[in-house]
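**Q** Numbering (full-length UniProt numbering), first residue to last: 1 to 526.
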């Protein structure tokens, strides 16, 4: 019997007075954080949530996220984290596909009315029965969303103690949605054991600060598995302190790093790019870069390939080498690691982490081995404690990607004689924009619902700060007109902000094979 909520509960028992969460002027210790999570658990049980039920959570990096995340786990429920940029249509899909019975959503702002969008989606579904608004003002009892109650009203009178449901280690703890080549996101079911083991392994890769401090700048989105494991769960496992940052900004990040004495940072390459730009363009004396650098002992990058020059410039300025990791939502996520202190190679995703096996396979699952002088090349397959149970309600897809404990990733790589893996292509057409996965098929399907569009092909093109940008090549229907601006506005309305194409090119034809398959490689090359 095992429940992932032990991560928070152990801190509340061992270091109750130690700061757990810091957000602005709000500073919460482990005891208070655990107490509020207990109240959430009591609330859920009182509203009819039972072990195995799904609880959806839409929140940026605010104290609300761990409150609800661990409260739901304590009640034996399954957490379904939602990207805060999703549209009502997309939120409704996630609620219905997961069968979520409850939805907790942060109110948001006029620019990002997350709560209103979530409430609209909630009212479109038949399965979801409970909606709780998490207001921008802490303690607010009146919701700005007509017909909704705030979490503080709902928690009033709920006990601060709770006997955690003793789940099995293999029970599903979290369903993380990842886009699919069919255009429909798939929910990867991750168990309590998957997430706990990955948090332990991730923690083992962290450099301890000489004075014992463990302060992480938590800016990676917690609704994403990278932030959830490497920041939230791993930090709690180490009894660390998390400085919560809802949205990355280079200047604000440096201010927090200086003010709070941050010892660890994890981010996607664009965040390192932002830190460097902020530091290099700051007015003289604005930041004490020497002090910031003296505190930072650990820097981790993932989500997309880290440019070598960026890593070199960061190390030169902050005095710490960036450790690059590799993984997927389906692998909890850390599968391999490239550690400058234990041996690293430029351009590599490193070697498998503890307890994990990796190999290269062909389309028939046969292992690819070295033949002659050339390094073996094939699709990466992974096995170990980190592999998901499977995609929720997708038995046909599970049969394709899971075999004898191995998971095929869709990433094509080569492996050198020292066991280092190097990604060279993706068998799937996934685009990684600023650390977020975007699958072209979903974008293409939305574009082709536009009344003027006949055909659309979407690819990723190089971008200085985001790694890749989304570009759409569009053929209009005969006799129908539409401007690039109109198509952009249409896709912006239908897709989350990180998914819609910023670049659109109108064409009269697209390169195709003899069977009519669009040659996306030619589009990317062009």
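Every residue, glycine too, gets a C-beta built ideally from N, C-alpha and C. Bear in mind that the values here come from a model prediction, so they are computed numbers and not experimental data.
Tell me which residues share the same chain as residue 33 and place their Cβ nearer than 7 Å to its Cβ, disregarding the 5 neighbours each side in the sequence.
**A** So the list reads 8, 20, 21, 66, once near-sequence residues are dropped.
**Q** Can you give the beta carbon distance from residue 465 to residue 315, rounded, assuming they're within the 8 Å contact cut?
**A** So it is not a contact: roughly 19 Å between Cβ atoms.
**Q** Less than 8 Å between the CB atoms is what I'm expecting for residue 384 and residue 356, so what's the real figure, rounded?
**A** Rounded, the Cβ-Cβ distance is 4 Å, consistent with contact.
**Q** Rounded to whole angstroms, what's the CA-CA distance from residue 331 to residue 412? Just pull it up for me.
**A** Rounded to whole angstroms, residue 331 to residue 412 spans 16 Å at the Cα level.
**Q** For the pair the segment 486 to 499 and the segment 71 to 82, tell me if three or more CB-CB distances fall below 8 Å.
**A** They do not touch, by the three-pair rule.
**Q** Along the beta strand (DSSP E) that carries residue 410, what are the first and last residues, could you check?
**A** Looking at the DSSP string, the run of the beta strand (DSSP E) that includes residue 410 is 406 to 415.
**Q** Which residues in the same chain have their Cβ closer than 7 Å to the Cβ of residue 260, if we skip the five residues on either side of it in sequence?
**A** Within the same chain, residue 260 has close Cβ partners 22, 215, 243.
**Q** Taking 8 Å as the cut-off, does the segment 459 to 474 touch the segment 425 to 444 (at least 3 CB pairs, one atom from each stretch)?
**A** Because the criterion of three Cβ pairs below 8 Å is met, the segment 425 to 444 and the segment 459 to 474 touch.
**Q** Residue 308: buried (16+ other C-beta within 10 angstroms of its C-beta) or exposed?
**A** Classification of residue 308: exposed, given that the 10 Å Cβ count is below 16.
**Q** Output yes or no for whether 7 Å exceeds the beta carbon distance between residue 92 and residue 116.
**A** Going by C-beta atoms, residue 92 is not nearer than 7 Å to residue 116.
**Q** Assuming residue 450 is part of the beta strand (DSSP E), what are its boundary residues?
**A** Per DSSP, residue 450 belongs to no beta strand (DSSP E) and is neither H nor E.
**Q** For a quick check, are the C-beta atoms of residue 531 and residue 498 less than 7 Å apart?
**A** Outside the shown range of the chain (1 to 526) lies residue 531, about which nothing can therefore be said.
**Q** Output needed for residue 407: all residues of its chain with C-beta closer than 8 Å, excluding positions within five of it in sequence on either side, in chain order.
**A** Hits under 8 Å: 330, 331, 381, 382, 383, 387, 388, 401.
**Q** Below 8 Å, can you find three or more Cβ-Cβ pairs linking the segment 94 to 105 to the segment 121 to 138?
**A** Enough Cβ pairs lie closer than 8 Å, so yes.
**Q** Is there at least one Cβ from chain D nearer than 7 Å to residue 399's Cβ?
**A** Absence of chain D from the displayed structure is noted, only one protein chain being present.
**Q** Helix, strand or coil for residue 119 per DSSP?
**A** Residue 119 falls in the helix class under three-state DSSP.
**Q** When the Cα atoms are used, what is the spatial distance from residue 11 to residue 325?
**A** Looking at the two C-alpha atoms, the distance is approximately 27 Å.
**Q** Counting only the same chain and skipping the five closest in sequence on each side, list residues whose C-beta sits under 8 Å from that of residue 5.
**A** The answer, listed in chain order, is 37, 70, 73, 74, 164.
**Q** Please go through the segment 206 to 283 and give each complete beta strand (DSSP E) segment of 3 or more residues, from N-terminal end onward.
**A** The segment 206 to 283 contains these whole beta strand (DSSP E) runs: 215 to 218, 241 to 244, 264 to 267.
**Q** For residue 273 and residue 305, what's the separation of their Cα atoms in angstroms?
**A** If you take the alpha carbons of residue 273 and residue 305, they lie about 13 Å apart.
**Q** Give me the DSSP bridge partner(s) of residue 194.
**A** Note: residue 194 sits in no beta bridge, so no partner.
**Q** Looking at the secondary structure, which residues open and close the beta strand (DSSP E) in which residue 389 lies?
**A** Element bounds for residue 389: n/a, residue is neither H nor E.
**Q** Of all the options 240, 140, 453, 486, which has the alpha carbon lying nearest to the alpha carbon of residue 209?
**A** The shortest Cα separation from residue 209 among 240, 140, 453, 486 belongs to 240.
**Q** Out of 524, 455, 282, 468, state which residue places its alpha-carbon closest to the alpha-carbon of residue 527.
**A** Residue 527 is absent from the model: the chain starts at 1 and stops at 526.
**Q** For residue 154, which residues in the same chain have their Cβ closer than 6 Å to its Cβ, ignoring the five residues on either side in sequence?
**A** So the list reads 43, 132, once near-sequence residues are dropped.
**Q** Which of the three DSSP states is assigned to residue 397 in this structure?
**A** In this structure, residue 397 counts as helix in the three-state DSSP scheme.
**Q** Measure from the alpha carbon of residue 417 to the alpha carbon of each residue in 434, 399, 350, 237, then state which is nearest.
**A** Residue 350 is the option with its Cα nearest to residue 417.
**Q** Specify whether the segment 222 to 236 and the segment 249 to 257 touch according to this definition: at least 3 beta carbon pairs, one from each stretch, less than 8 Å apart.
**A** Taking 8 Å as the limit for Cβ pairs, the verdict is that the segment 249 to 257 does not touch the segment 222 to 236.
**Q** For the alpha helix (DSSP H) that residue 486 lies in, which residues bound it at each end?
**A** Segment 484 to 494, the alpha helix (DSSP H) holding residue 486.
**Q** Mind checking who residue 177 pairs with in its DSSP beta bridge?
**A** In DSSP, residue 177 forms a bridge with 187.
**Q** Sorted by chain position, which residues of the same chain lie with C-beta nearer than 8 Å to residue 136's C-beta, five sequence neighbours on each side aside?
**A** Cβ neighbours of residue 136 beyond the five flanking positions: 106, 107, 108, 109.
**Q** Would you call the CB atoms of residue 220 and residue 266 closer than 7 Å?
**A** Result yes, Cβ atoms of residue 220 and residue 266 sit closer than 7 Å.
**Q** Are residue 275 and residue 302 touching if we call contact CB-CB under 7 Å?
**A** Going by C-beta atoms, residue 275 is not nearer than 7 Å to residue 302.
**Q** I'd like to know whether the C-beta atoms of residue 191 and residue 76 end up nearer to each other than 7 Å.
**A** No. Outside cutoff.
**Q** Can residue 484 and residue 504 be called in contact, C-beta distance under 7 Å?
**A** Their beta carbons are under 7 Å apart, which means residue 484 touches residue 504 by this criterion.
**Q** Kindly indicate which residue of 430, 204, 404, 235 has the alpha-carbon position closest to the one of residue 459.
**A** The residue with the shortest Cα to Cα distance from residue 459 is 430.
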